[in-house]
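Taking it in order: structure first as structure tokens, then the write-up.
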Amino acid sequence: LIGGAVTLSALEHFIEHAVAERPKGNNGGLQAMLDMLRWFASVQIRNVAVLAGNIATASPISDLNPVLIALGASLTMASTGAAPRQVLVRDFFIKYRTVDMQPTEVISSVRVPAL
């Protein structure tokens, strides 16, 4: 489970440590995310960009979103006064720059089951 407000740099460092601690050959999903994060923008951008923001912008050139889809990730959408809801990343993107997110919602967390 990854918090939506975690910076991409913090996520990258967490995954680096997790890969180092696991036996080789048991890191497929983690390694895929790590490889993509290393190519994602500059270090300065990764230091301030957050995972949920990257997902919610629905950029057609996002390299991380297809990785999350391939890993079967889901999002927890939260809003005041409403119960949290789960949305698969593959179902979150409706069309070009249009997502399954209400104006009052935020992405509170991302669950990546393949990790």
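At position 19 of the sequence shown (counting the first as 1) the number is 31 in this note's numbering, and the numbers step up by one without a gap.
All C-beta atoms in this analysis are idealised placements derived from N, C-alpha and C, irrespective of residue type, glycine included.
The structure presented is a predicted model; accordingly, all values stated were derived computationally and were not measured.
- Taking 7 Å as the cut-off, the beta carbon of Val99 is found no closer than this to the beta carbon of Phe105.
- One thing to note: Leu46 has its Cβ no nearer than 7 Å to the Cβ of Val18.
- Within the same chain, Cβ atoms closer than 7 Å to the Cβ of Leu23 are found at Ile14, Leu49 and Leu63, the five residues on either side in sequence being excluded.
- Taking C-beta atoms under 8 Å as the contact rule, Val124 and Gly41 qualify, at a distance of about 7 Å.
- Closest in alpha carbon position to Leu20, among Thr69, Leu76 and Ala30, is Leu76.
- Look at Ile57 here: in three-state DSSP terms it is helix.
- A Cβ-Cβ contact shorter than 7 Å links Ala85 with Val101.
- For Val79, the closest alpha carbon among the candidates Phe52, His29 and Pro96 is that of Phe52.
- From the listed residues Val60, Pro35, Tyr108 and Pro96, the smallest Cα separation to Ser121 is found for Pro96.
- Note on geometry: alpha-carbon atoms of Gly16 and Ile119 lie some 6 Å from one another.
- Listed in chain order, the alpha helix (DSSP H) elements of length 4 or more contained wholly in the stretch 37 to 123 are 40 to 51, 55 to 60, 63 to 68, 76 to 82 and 101 to 104.
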